[in-house]
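Asks:
See below:
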């Protein structure tokens, strides 16, 4: 039987991390980090079966694009 597990972690710039890079890694995708003008490419990562962005009804439609969402988060920070 599968058991659900949730781990929450703050992603800090001080340690050299970014929300865009973390999202690209977790979704096994390729995203451009606009803040540092670098492409984060984890599209060859194996093991991600499904990844989806879920938004509340009042969220901007543009945020359904994972790259836009996380670049906006970085810009707000």
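In my numbering, the protein residues as written are 231 to 307.
Built from N, CA and C at the ideal position, the CB exists for glycine as well.
(1) Would you mind listing the beta strand (DSSP E) stretches within the stretch 231-289 that are 3+ residues and don't spill past its ends, in chain order?
(2) Given that a residue counts as buried once 16 or more other Cβ atoms are within 10 Å of its Cβ, and exposed if not, what is residue 299?
(3) Round the Cβ separation of residue 296 and residue 258 to the nearest angstrom and send it over; I've been treating them as touching at under 8 Å.
(4) Measuring only the C-alpha atoms, how far is residue 291 from residue 283?
(5) Just confirm the distance between the C-beta atoms of residue 261 and residue 250, as a whole number of angstroms; I'd bet it's less than 8 Å.
Replies: Concretely, from the data shown:
(1) 260-263 and 268-271
(2) Here residue 299 is taken as the residue at index 69 of the chain shown, counted from 1. Buried: at least 16 other Cβ atoms inside 10 Å.
(3) Here residue 296 refers to the residue found at position 66 of the chain shown. Here residue 258 refers to the residue found at position 28 of the chain shown. Not a contact, Cβ separation roughly 11 Å.
(4) In the chain shown, the residue the question calls residue 291 occupies position 61. In the chain shown, the residue the question calls residue 283 occupies position 53. Their backbone Cα atoms lie some 11 Å apart in a straight line.
(5) Here the question's residue 261 lines up with position 31 in the chain shown. Here the question's residue 250 lines up with position 20 in the chain shown. Correct: roughly 5 Å between the Cβ atoms.
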